[in-house]
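Peer 1: I am attaching a structure below and will ask some questions about it afterwards.
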Amino acid sequence: MMNLNQPPQTPVDLEPEFEGTIQNISSPTGREAILTCAVKNLGRYKVGWLRASDQTVLALQGRVVTHNSRISVVHEDFRTWRLRIRQLRESDRGCYMCQINASPMKKQIGCIDVQVAMSRPCATLGALVGGICHRWKRFGWEIVVGQG
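142 is the number that UniProt numbering gives to position 142 of the sequence shown; each next residue is one higher, with no gaps.
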């Protein structure tokens, strides 16, 4: 009988290895980002997710160890490991490491680029506004200034 909480057994002479690479992704603030790490021959070893910049451990196997409720990890058959960050913030921008605790340690890095939407400038009617005008419009019609 197969235990769903443990990886399938592999012959002892097979070392764990990555299948492919982690794809870098770009996503806007407020959305979610998912980094996928594929592993074969995991055997008795464990997969961890870390924030690469400061080596903060986020999850080990399927268990999230950070106190950030926006982060979760899921796996399929102990082969495909997904780090999911919901409600992206600008502070989530950076690289994340998928790590196998073999000896020597094996790692792959994938990066998340968080796109921050540009806000439109606003001003109160009648307020003084500074800036350089490139085009003027009035009632939808462009006004040509300074030619002639």
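All residues carry an ideal CB built from backbone N, CA and C; glycine is no exception.
1) Leaving out five residues before and five after GLY94 in sequence, what residues of the same chain have Cβ atoms less than 8 Å from its Cβ?
2) Within its chain, find whatever has a CB closer than 6 Å to the CB of ASN101; leave out the 5 residues flanking it on each side and keep chain order.
3) From THR36, CYS98, GLY140, pick the residue whose C-alpha is nearest to that of LEU60; which is it?
4) If you run the structure through DSSP and keep just helix, strand and coil, what is SER27?
5) So residue 158 packs on ARG31, CB below 8 Å; how close in whole Å?
6) Can you name, in chain order, every residue of its own chain whose Cβ lies under 6 Å from the Cβ of THR36, other than the five neighbours on each side?
7) In angstroms, rounded to a whole number, what distance separates the CA positions of ASN68 and ILE85?
8) Which residue wins for smallest C-alpha separation from SER91, given the options VAL74, VAL116, TRP49, LEU128?
Peer 2: In terms of the structure at hand:
1) The residue you call residue 94 lines up with position 94 of the sequence shown. The residues are ARG51, ALA52, SER53, CYS111, ILE112.
2) Taking the first residue of the sequence shown as position 1, residue 101 is located at position 101. The answer, listed in chain order, is TYR45, LYS46.
3) Counting from one through the sequence shown, the residue named residue 60 turns up at place 60. That would be CYS98, whose Cα lies nearest to the Cα of LEU60.
4) Counting from 1 along the sequence shown, the entry for residue 27 is found at position 27. SER27: strand per DSSP, three-state reduction.
5) Residue coverage of the chain in this structure runs from 1 to 148, which leaves residue 158 outside it and unanswerable.
6) Within the sequence shown, the letter at position 36 stands for residue 36. ARG82.
7) Numbered from its first residue, the sequence shown carries residue 68 at position 68. Numbered from its first residue, the sequence shown carries residue 85 at position 85. Roughly 9 Å between the two C-alpha positions.
8) Translated into positions along the sequence shown, residue 91 becomes position 91. Comparing Cα positions, the closest option is VAL116.
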